[in-house]
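For reference, the structure is listed below as structure tokens.
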Amino acid sequence: MSNEEKRTLKAMEREREQEYLAFIEENKRIIYKVCYLYAADEEEMKDLRQEVLINLWKGYPQFKGTAQLSTWIYRVSLNTCITVCKKLRNKEESLPIESLLAGDVIDDNSKTEHLREMYRLIYQLNRMEKAIILMWLDERSYEEIAEVCGMPRNTIATKLRRIKEKLTKLANE
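When the sequence shown is numbered by this note's numbering, its final residue is 177 and no position is left out of the sequence of numbers.
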């Protein structure tokens, strides 16, 4: 390999790294939210996030752009978290919501309490229910949720209705 070819290859690698870092920065909230909902504590969340970032890096060269980038990130994040969580023991404690609310997100006490309660209730759902409600709360279309979860759109609509009913029941208990 000539010196010119080596320089070209290194430039391409740097360009790929910059693209990856930019898309991670643009979509860091998706990754954080998915990891947050599947983690039992701060350390587990950090581990999940690291696994997601590794899997995104490995899969990035194969991303063909047939789906939206955010849809692909959801799919990789959810699949990674579900796989890792299957290997870990189930824990009943949840991650403090304060870490989610760090910085400029929210500082109003009533909103903070509402979010804390919402996440407490969502934490009680099974893995697939968490994934579906998380994307719905993130204002993803039924079609996009269906694509990520590998289910028909009508199934997603039915599951969402049932998840909302379940959350209402949990909130009233």
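Ideal placement from N, C-alpha and C gives every residue a C-beta, glycine not left out.
This one's a predicted model, so the numbers in the text were calculated from it and none came from an experiment.
Note down, in chain order, each residue of its chain lying with its Cβ closer than 8 Å to the Cβ of residue i, except the 5 sequence neighbours on either side.
i: L138; result: K37, V38, L41, I126
Roughly how many angstroms separate the alpha carbons of residue i and residue j, rounded to a whole number?
i: R79; j: Q128; result: 21 Å
i: H118; j: R124; result: 10 Å
i: E19; j: L13; result: 10 Å
i: N94; j: D51; result: Because the pLDDT at N94 is just 42, under 50, the model does not fix this residue reliably, and the point stays unresolved.
i: K173; j: M16; result: 53 Å
i: T87; j: I167; result: 22 Å
i: N176; j: N130; result: 19 Å
i: K134; j: G63; result: 23 Å
i: A26; j: L60; result: 13 Å
i: I149; j: I160; result: 7 Å
i: K163; j: M122; result: 18 Å
Looking at the secondary structure, which residues open and close the alpha helix (DSSP H) in which residue i lies?
i: T162; result: 157 to 176
i: T70; result: No alpha helix (DSSP H) holds T70; DSSP gives it neither H nor E.
i: L141; result: 131 to 141
i: Y64; result: Counting along the chain, Y64 falls outside any alpha helix (DSSP H), and DSSP gives it neither H nor E.
Looking only at its own chain, which residues have a Cβ that is under 6 Å from the Cβ of residue i, when we skip the five neighbours before and after it?
i: Y24; result: Y64
query = Which ranges would you report for the alpha helix (DSSP H) in the stretch 23 to 50 if only whole runs of at least 4 residues count?
reply = 32 to 42
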